[in-house]
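Participant: Its first residue numbered 4, the sequence shown is counted upward by one per residue in the working numbering. Every residue gets a Cβ at the ideal spot worked out from N, C-alpha and C, and that includes glycine.
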Amino acid sequence: MRAISVLFILLSFPTFLFSQNDTLSFSTQNILITDSLLTFFRNSRPEMSIFAKDSLQSFGISGLSADAVLKQAEGLYIRSYGGHGGIKTLSFRGFSTQQSTFTINNVPYTSPQSGTVNVGNFFLDNYDEIAVCRAPASAAVNPLGGNVNFSLQNKKMRRSVQGGLGLYGEKIVGINWGAKWHKTRVQIGYKNISAKDNFPYKINGETGLRENAGFLSQQYQAQYNYDISPTFQFTYFLTAFRNKQGVPDPIFTGNTQANGDSLAQQDVFQYVQLHISPPQWKKPWQPARISITLNQHSNNIEALQLGQNTIYKNQIFLGQVQVSHLFAKQLLNSVFQIENNYLEGNNLAIRFRPVYSVERWQGNVGLEHQGFWGKWQSHALARVNMLTQYGVLGNVSLGGTFKHKNMTFFAHLIHGKRIPAFNELYYFGYGNSDLKPEKIYSGDVGVLLQKKVFVPISFKMNLFANRTRDKIIAVPLTPVRWSTQAIGLTQTWGAEYSIEAKISAKQHIHLNYTLQKAIDLTHKPHPLLPYTPMELLNYGYRAYLGKWQFYINGNYSGWRFSALQNEKSTFLPAYHLIDMGSEYHFSWQKIQCNLSLQAENMTNQHYEVIRAYPMPPIMGRLKMEILW
Numbered sequence: 004m005r006a007i008s009v010l011f012i013l014l015s016f017p018t019f020l021f022s023q024n025d026t027l028s029f030s031t032q033n034i035l036i037t038d039s040l041l042t043f044f045r046n047s048r049p050e051m052s053i054f055a056k057d058s059l060q061s062f063g064i065s066g067l068s069a070d071a072v073l074k075q076a077e078g079l080y081i082r083s084y085g086g087h088g089g090i091k092t093l094s095f096r097g098f099s100t101q102q103s104t105f106t107i108n109n110v111p112y113t114s115p116q117s118g119t120v121n122v123g124n125f126f127l128d129n130y131d132e133i134a135v136c137r138a139p140a141s142a143a144v145n146p147l148g149g150n151v152n153f154s155l156q157n158k159k160m161r162r163s164v165q166g167g168l169g170l171y172g173e174k175i176v177g178i179n180w181g182a183k184w185h186k187t188r189v190q191i192g193y194k195n196i197s198a199k200d201n202f203p204y205k206i207n208g209e210t211g212l213r214e215n216a217g218f219l220s221q222q223y224q225a226q227y228n229y230d231i232s233p234t235f236q237f238t239y240f241l242t243a244f245r246n247k248q249g250v251p252d253p254i255f256t257g258n259t260q261a262n263g264d265s266l267a268q269q270d271v272f273q274y275v276q277l278h279i280s281p282p283q284w285k286k287p288w289q290p291a292r293i294s295i296t297l298n299q300h301s302n303n304i305e306a307l308q309l310g311q312n313t314i315y316k317n318q319i320f321l322g323q324v325q326v327s328h329l330f331a332k333q334l335l336n337s338v339f340q341i342e343n344n345y346l347e348g349n350n351l352a353i354r355f356r357p358v359y360s361v362e363r364w365q366g367n368v369g370l371e372h373q374g375f376w377g378k379w380q381s382h383a384l385a386r387v388n389m390l391t392q393y394g395v396l397g398n399v400s401l402g403g404t405f406k407h408k409n410m411t412f413f414a415h416l417i418h419g420k421r422i423p424a425f426n427e428l429y430y431f432g433y434g435n436s437d438l439k440p441e442k443i444y445s446g447d448v449g450v451l452l453q454k455k456v457f458v459p460i461s462f463k464m465n466l467f468a469n470r471t472r473d474k475i476i477a478v479p480l481t482p483v484r485w486s487t488q489a490i491g492l493t494q495t496w497g498a499e500y501s502i503e504a505k506i507s508a509k510q511h512i513h514l515n516y517t518l519q520k521a522i523d524l525t526h527k528p529h530p531l532l533p534y535t536p537m538e539l540l541n542y543g544y545r546a547y548l549g550k551w552q553f554y555i556n557g558n559y560s561g562w563r564f565s566a567l568q569n570e571k572s573t574f575l576p577a578y579h580l581i582d583m584g585s586e587y588h589f590s591w592q593k594i595q596c597n598l599s600l601q602a603e604n605m606t607n608q609h610y611e612v613i614r615a616y617p618m619p620p621i622m623g624r625l626k627m628e629i630l631w
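#1: Considering A71, what are the terminal residues of the alpha helix (DSSP H) in which it resides?
#2: In this structure, does DSSP put R624 in helix, strand or coil?
#3: Give me the Cα-Cα distance between V395 and F339, rounded to the nearest whole angstrom.
#4: I want to know whether the region 456 to 466 touches the region 160 to 174 - three or more CB-CB distances under 8 Å.
#5: In whole angstroms, give me the CA-to-CA distance for F375 and W496.
#6: Roughly how many whole angstroms lie between the Cα atoms of S360 and N317?
#7: Which residues in the same chain as L3 place their Cβ atom closer than 8 Å to its Cβ, once the five residues preceding and following it in sequence are excluded?
#8: Whole angstroms is fine: what's the gap from K91's alpha carbon to F153's?
#9: Can you give the beta carbon distance from T404 to P139, rounded, assuming they're within the 8 Å contact cut?
#10: Alpha carbon to alpha carbon, how far is S141 from G449? Give it in angstroms, no decimals.
#11: Which residues does DSSP list as the beta-bridge partners of V399?
#12: Select from E611, R161 and E586 the residue whose C-alpha is nearest the C-alpha of L625.
#13: With three or more C-beta pairs closer than 8 Å as the rule, is the region 232 to 244 touching the region 206 to 214?
#14: Considering only residues of the same chain and omitting the five flanking positions on each side of F126, which have a CB-CB separation below 8 Å?
#15: Find the nearest neighbour of K378 within the set G208, H407, V368 and E371, judged by alpha-carbon distance.
#16: For Y444, report the span of its beta strand (DSSP E) as first-last.
#17: Report the rounded CA-to-CA distance for Y345 versus Q299, giving the unit in angstroms.
#18: Return yes when the Cβ of V144 is within less than 8 Å of the Cβ of T106, no when it is not.
#19: Within a Cβ cutoff of 6 Å, which residues of the same chain sit near Q601, ignoring the five residues on either side of it in sequence?
#20: Identify the residues that DSSP records as bridge partners of L540: which are they?
#21: Mind checking who A602 pairs with in its DSSP beta bridge?
#22: Could you spell out where the beta strand (DSSP E) holding E611 opens and where it closes?
#23: Taking the C-alpha atoms as reference points, what is the distance between T210 and Y616?
#24: In terms of residue numbering, what span does the alpha helix (DSSP H) encompassing F425 cover?
#25: To the nearest angstrom, report how far apart A424 and F54 are at their CA atoms.
#26: Along the beta strand (DSSP E) that carries K194, what are the first and last residues, could you check?
#27: Taking the continuous beta strand (DSSP E) assigned at Q224, which residues delimit it?
#28: List the DSSP bridge partners of P459.
#29: When burial is assigned at 16 or more other CB atoms within 10 Å of the CB, is V456 buried or exposed?
#30: What are the complete beta strand (DSSP E) segments, minimum 3 residues, inside the region 125 to 179?
#31: Would you kindly check if the distance between the Cβ of S220 and the Cβ of I196 is under 8 Å?
#32: Determine the DSSP secondary structure at T471, reduced to helix, strand or coil.
#33: Taking the alpha carbon of A76 as the point to measure from, which residue in V275, R96 and Y84 has its own alpha carbon closest?
#34: May I ask you to report which of helix, strand or coil DSSP gives M618?
#35: Which residues bound the beta strand (DSSP E) around T106?
Printed below as a string of structure tokens:
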């Protein structure tokens, strides 16, 4: 284990900085084909939502982190934990957060402990594009609930400083610097966000002050790319997060029960990657692209609870080889991975087992094929996982689209398994070592209509159904203690509707609505699954008017329950949030200044995403960014 760590450091240290979003592409009937791990024919995949650079610029003024963008994607639900600065996780229509994958430049990024990702850590400064796919992503990640990919900037080197002030003592400081020399590109960035320890709240008509809820969030990012030759490109990427947040007890009676607890977390993700682009041979079995990736992801958590330290450390080492073949209208990807997960923990409260460690290995082999057949497009994916605990597990996905004039029909079928995350198995007071892998069955069918009715309009309807056996959920044992358990069989079905209109070249509106029902089939009368709202609605308008940008975003989340016992005491009401903002751009010689004013939760909703953890009321901030 230590030898692997030393090997990784030796490989990555001499090239201390950065990465690019590299794609090898060619055009086939105006269809762009790339050899990235996502391997989408993006121009014809209706289950994709692409937020490009111009979108990120407007959405970037609408919040601190990337969840401001992700809230606008179809069928994607963002959960916030702990109020101001709390962890934010993502999940697709009825799937759990662990069944939804996240990648950076198409390299898998997942918390080594929880199997999820805190999207609240990610800021929009250094990304060119965010792609959200509600279907299986690629052979490099499990083809289950969908995937979100962040693509890094690789062409225009960004140089900027920024600062901001907001309510509740919020302060923002950031800097980015990039440069290009011949075949080398470098970019580094740092951002610091902090807030005070309290904000007002209201629950069930009772008001109070949410104490010990302050936070400090820091992000460090470095990217380095060196084009050795037209055939060889070398990439290094590093991103690291340091978070410290107060963890007050849940609020049940309207009185804050803060006891000074805190949570400190350090998360480091890095990879080195070598791309080989041999000459375009004519034989289809000869590679057009080879990618070799070595990835390390470490996560340390230290919690102060009643004067006792709880420390958990986890590391993932991932070696990956991908071979891409491009021929005619077909794209074939084969991926081989070998991974080692290592967890160690120390809890002074566990007298009988003060220190423990767990280690597991797994190997993955995946094969993916996409092709065009006239008006048809096919997509097939197979992946086999071999694990030390569970043996051999397989995942399979089949999909296709058919395009006729201005209508596109699409469908997908999925069968896969998800292994429990480390926290679900081992975390003290929470884990359950008897959990089995989840068995997932999913399908959807839909239609996309694109037509000009006064203005260009895109309308999409999608019907979906998911069924999971041995589904893993967290259940409250007491008001402040949770544990994991498996439900025999669950089912989700529903529909998604989406409308987008381009009023003019600089004005856009969108509306996404999801209606779903997620139930437990094991128990009668089939209770609703916890924290899965039946309705999701997001809508927005953005405009670029000369030197001004303006946006308004709305998000509605329907009522839900906080436990399988769908009782009145576990009911959580719906909430509706509206964010607004504007930005003004002005230049002086080669310097550009962006001044933005933002307002979140304009309706001043006193709401709870997670029961007994109130969220902040109306929030405002003023930001300035200087670029050169």
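Facilitator: So, from the listed chains and residues:
#1: Start and end: D70 to L73.
#2: It is a strand residue.
#3: Taking the straight line from one Cα to the other gives about 15 Å.
#4: No, because fewer than three Cβ pairs between the region 456 to 466 and the region 160 to 174 fall closer than 8 Å, the two stretches do not touch.
#5: Distance between the alpha carbons of F375 and W496 is about 30 Å.
#6: Note on geometry: alpha-carbon atoms of S360 and N317 lie some 9 Å from one another.
#7: The structure shown does not extend to residue 3, since the chain is modelled only from 4 to 631, so the question has no answer here.
#8: Taking the straight line joining both Cα atoms gives about 16 Å.
#9: Rounded, the Cβ-Cβ distance is 14 Å, inconsistent with contact.
#10: The alpha-carbon separation between G449 and S141 amounts to approximately 21 Å.
#11: In the DSSP assignment, V399 is bridged to A385 and H418.
#12: Taking only the C-alpha atoms, the option nearest L625 is E586.
#13: Between the region 206 to 214 and the region 232 to 244 there are fewer than three C-beta pairs closer than 8 Å, too few to call the two in contact.
#14: These residues qualify, in order along the chain: L67, S68, A69, G177, K194 and Q222.
#15: Out of G208, H407, V368 and E371, H407 has the C-alpha closest to the C-alpha of K378.
#16: Taken as a continuous stretch (DSSP letters only), the beta strand (DSSP E) holding Y444 covers E441 to V456.
#17: Y345 and Q299 have their C-alpha atoms spaced approximately 11 Å apart.
#18: Yes, the Cβ-Cβ distance between T106 and V144 is below 8 Å.
#19: Within the same chain, Q601 has close Cβ partners G584 and R624.
#20: Answer is Y516 and Y559.
#21: For A602, DSSP records a beta bridge to M583 and G623.
#22: Its beta strand (DSSP E) spans residues E611 to I613.
#23: Rounded to whole angstroms, the gap between the alpha carbons of T210 and Y616 is 13 Å.
#24: Unbroken alpha helix (DSSP H) run through F425: F425 to Y429.
#25: Their backbone Cα atoms lie some 30 Å apart in a straight line.
#26: Residues T187 to A198.
#27: Segment F218 to D230, the beta strand (DSSP E) holding Q224.
#28: Partner(s): K455.
#29: V456 is exposed by the Cβ-count criterion.
#30: The region 125 to 179 contains these whole beta strand (DSSP E) runs: 130 to 136, 150 to 155 and 163 to 169.
#31: In this structure, the beta-carbon distance from I196 to S220 falls below 8 Å.
#32: Correct three-state label for T471: strand.
#33: It is R96 whose Cα lies nearest to the Cα of A76.
#34: Coil, per DSSP.
#35: That run of the beta strand (DSSP E) goes T104 to I107.
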